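Contents: one structure, followed by commentary.
2 protein chains.
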Amino acid sequence: IVNTADDFELYGLHISPDLDTVMYTLAGIANPATGWGIEGDTRATLDAIARYGDDPWFLVGDQDFATHILRTHALHEGRMLTDVTLRLASSLGVRMPILPMTDDRVATEVRTADGWLAFQDYFVARRHADEVLDVRFAGIDSARPSDRVIMAISEAELILFCPSNPLVSIEPILALSGVRDAIMASPAPVVAVSPIVGGKALKGPADRMLASKGVEVSARGVARYYEGLIDGIVIDAEDAAFADDIRGAGLAVDVRNTIMGGRDDRMRLAREILDVEWVPR
Amino acid sequence: IVNTADDFELYGLHISPDLDTVMYTLAGIANPATGWGIEGDTRATLDAIARYGDDPWFLVGDQDFATHILRTHALHEGRMLTDVTLRLASSLGVRMPILPMTDDRVATEVRTADGWLAFQDYFVARRHADEVLDVRFAGIDSARPSDRVIMAISEAELILFCPSNPLVSIEPILALSGVRDAIMASPAPVVAVSPIVGGKALKGPADRMLASKGVEVSARGVARYYEGLIDGIVIDAEDAAFADDIRGAGLAVDVRNTIMGGRDDRMRLAREILDVEWVPR
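Line order of the protein sequences matches chains A and B. Residues in the first sequence are numbered consecutively from 319, following our numbering. Residues in the second sequence are numbered consecutively from 319, following our numbering.
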């Protein structure tokens, strides 16, 4: 289940950064150097757009454009983002379902000293340099999780919050009407993987965002942030000192190496977490 | 003034084949080998589209996609095709205005033994192999030439019908309400360049289409086809034998080498035709 509150339009094309990163990664074609886009992708289309006088601030490779073109076309024809995503991913050989959190439009906006900014403006154009004073998800009140999302939660054997940014990558999913209830109602254990290791985010602005939100920037802070929703948390060996404290709050704690350097690390960590005997409270 | 009745949508993008060929040619970036597209263009986007399961029948290069993406975006935002075209061409350094014949949608359809086909289906997908039994321009009755088109005709010093296919490239322009009247009302001489040389079209199916329409496939046949509208015609030296006959019908005839092998030939022919002392009847 993937956050779509970062989605935006570029040159009239519907871009879903998180869906694409997950899809390209699972398809084995992701660019490991950048963390986004397709490995070996070229830039002829974007260079030609620049020749027409546009100053590209969001990099889209030629192969990546194909995804956006086909997605946008299908959406304009009235298809749901869920169906479009499943079809695109399936064409790339991805067998596990990648579910957009909703078929409706939700847009993350962050408040900075310069006022409210669209997420990609803050994150990409301004390189997440601004201090984030507040976060909101425009459209969240009228958006609904898709039936497939609710079904996936209720049928899950384990519900895992990946070590993404809690405030802008996980929270939009949780903020959708019915998602928290579905998670609480599910018999499956609910486990988070801490994105904070040694007091820092491994990637991106999660640490600074948590701090300005008044959340302790530590594995313990993450555990508290998700309190009431999770049964356990995976924290890095470097943060082992927090384990007792978190256990004291009633959560199961699994301590291991959570740093993922590449594909092999990701598969190892996923397998290890699946192998833990998680027990719902 | 360029035909837009070949325009169509591909993957939701608005493609204007004739506008693009004229724009790329005048910008000096056209692919001389194909007659369409951009020189040195690559195919990463289209190959990626194929990876998603589509079987591309219309070739679009990566740089070419930039044109279609920006055009489509601007049209969706409510801008007129004329403005969009002028802006794109200007960004490529084209100083002369390229005017779409209309801002409205007109769609050429051809009747074959298999029924009515969309033009690009006939022309590209089926490689213009079918015999064309009839041609129609869907939407032509409600379409209007743009003000810029009528102004260009009325202010012209010379009105030249390029050696394009009379039935599907020139005729849609002439069929627009008000265009014939504007040409007749213009004080400028009106001159056609015959696309038929030695009884054959130099390119494309114009010869077969004229034949099935009952038009003699010769420079004389072209002169007759445009009769009542043109004051003169440029025919190839190979067709000099038709000159007296055409003159007998009251038209000025200019005989010269009309075969254009490349950019230099095109510029030479254009200059030569401009240098002729054309006199309106």
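The C-beta atom is built at its ideal place from N, Cα and C for all residues, glycine as well. Predicted, not measured: the structure shown is a model, and the values here were computed from it.
Buried or exposed (CB count within 10 angstroms, at least 16 for buried), residue i
i	result
aspartate 432(B)	exposed
alanine 567(A)	exposed
methionine 527(B)	buried
methionine 341(A)	buried
threonine 322(A)	buried
tryptophan 596(B)	buried
leucine 600(B)	Chain B is shown from 319 up to 599; residue 600(B) falls before or after that span and cannot be answered.
glycine 330(B)	buried
histidine 394(B)	exposed
arginine 389(B)	buried
threonine 400(B)	buried
aspartate 459(B)	exposed
glycine 539(B)	buried
alanine 366(A)	buried
threonine 385(A)	buried
alanine 351(A)	exposed
aspartate 549(A)	buried
aspartate 452(A)	exposed
aspartate 583(A)	exposed
aspartate 562(A)	exposed
Beta-carbon neighbours of residue i, restricted to chain A and to distances below 7 Å
i	result
threonine 390(B)	Gly330
Beta-carbon proximity of residue i to residue j, cut-off 8 Å
i	j	result
valine 511(A)	proline 484(A)	no
proline 463(B)	methionine 414(B)	no
valine 571(B)	isoleucine 553(B)	yes
leucine 476(B)	valine 412(B)	no
leucine 494(A)	alanine 461(A)	yes
alanine 362(A)	aspartate 338(A)	no
proline 598(B)	proline 513(B)	no
valine 378(B)	leucine 328(B)	yes
glutamate 556(A)	valine 515(A)	yes
valine 486(A)	phenylalanine 560(A)	no
leucine 547(A)	isoleucine 501(A)	yes
isoleucine 356(B)	alanine 368(B)	no
isoleucine 387(B)	threonine 403(B)	no
valine 424(B)	proline 490(B)	yes
aspartate 324(B)	histidine 332(B)	no
glutamate 590(A)	arginine 574(A)	yes
isoleucine 471(A)	serine 504(A)	yes
phenylalanine 455(A)	tyrosine 544(A)	no
glycine 353(B)	lysine 521(B)	yes
threonine 360(A)	threonine 360(B)	yes
tryptophan 375(B)	alanine 447(B)	no
valine 509(A)	isoleucine 319(A)	no
glycine 396(A)	aspartate 422(A)	no
tyrosine 370(B)	serine 409(A)	yes
Residue i: contacting residues in chain B (beta-carbon distance under 8 Å)
i	result
isoleucine 477(A)	Under the 8 Å cutoff, chain B gives no residues; its nearest Cβ is about 30 Å from isoleucine 477(A).
isoleucine 333(A)	The contacting residues do not exist; isoleucine 333(A) stays about 12 Å from chain B at best.
histidine 394(A)	Gly330
threonine 352(A)	Chain B residues near threonine 352(A): none, gap ~17 Å exceeds 8 Å.
isoleucine 367(A)	Ala384, Ile387, Leu388
aspartate 325(A)	Here the premise fails: no neighbours, minimum Cβ distance about 17 Å.
threonine 360(A)	Thr360, Ala362, Asp380
Contact set between residue i and chain A, taken where Cβ atoms lie within less than 9 Å
i	result
tyrosine 370(B)	Ala384, Thr385, Leu388, Arg405, Leu406, Ser409, Leu410
7 Å Cβ cut-off: residues of chain B touching residue i
i	result
aspartate 401(A)	Per Cβ cutoff of 7 Å: no residues; aspartate 401(A) is ~14 Å from chain B at best.
alanine 493(A)	The premise fails here: alanine 493(A) is roughly 30 Å from chain B at the closest Cβ pair, so nothing lies under 7 Å.
aspartate 373(A)	What aspartate 373(A) touches in chain B: nothing, since even the nearest Cβ is about 12 Å away.
Where residue i meets chain B, residues with beta-carbon distance less than 9 Å
i	result
alanine 519(A)	Chain B residues near alanine 519(A): none, gap ~32 Å exceeds 9 Å.
valine 348(A)	The amino acid at residue 348(A) is misidentified as valine; the sequence shows alanine. Chain B residues near alanine 348(A): none, gap ~14 Å exceeds 9 Å.
aspartate 338(A)	What aspartate 338(A) touches in chain B: nothing, since even the nearest Cβ is about 12 Å away.
threonine 343(A)	What threonine 343(A) touches in chain B: nothing, since even the nearest Cβ is about 16 Å away.
Closer than 8 Å at the beta carbon, the chain A residues around residue i
i	result
aspartate 439(B)	Residues of chain A passing the Cβ test: none, with the nearest at roughly 18 Å.
Starting from the N-terminal side, write out each stretch of the beta strand (DSSP E) that is 3 residues or longer and does not extend beyond the region 512-569 of chain B.
550-554
Give me the subset of the region 412-436 of chain A whose CB atoms are less than 8 Å from a CB atom of chain B, sorted by chain position.
none
Where are the alpha helix (DSSP H) runs, 4 residues long or more, that stay fully inside the region 397-439 of chain A, in chain order?
399-409
Where in the region 446-518 of chain A do unbroken runs of the beta strand (DSSP E), each at least 3 residues long, occur, reported from the N-terminal end onward?
452-456, 477-479, 508-511
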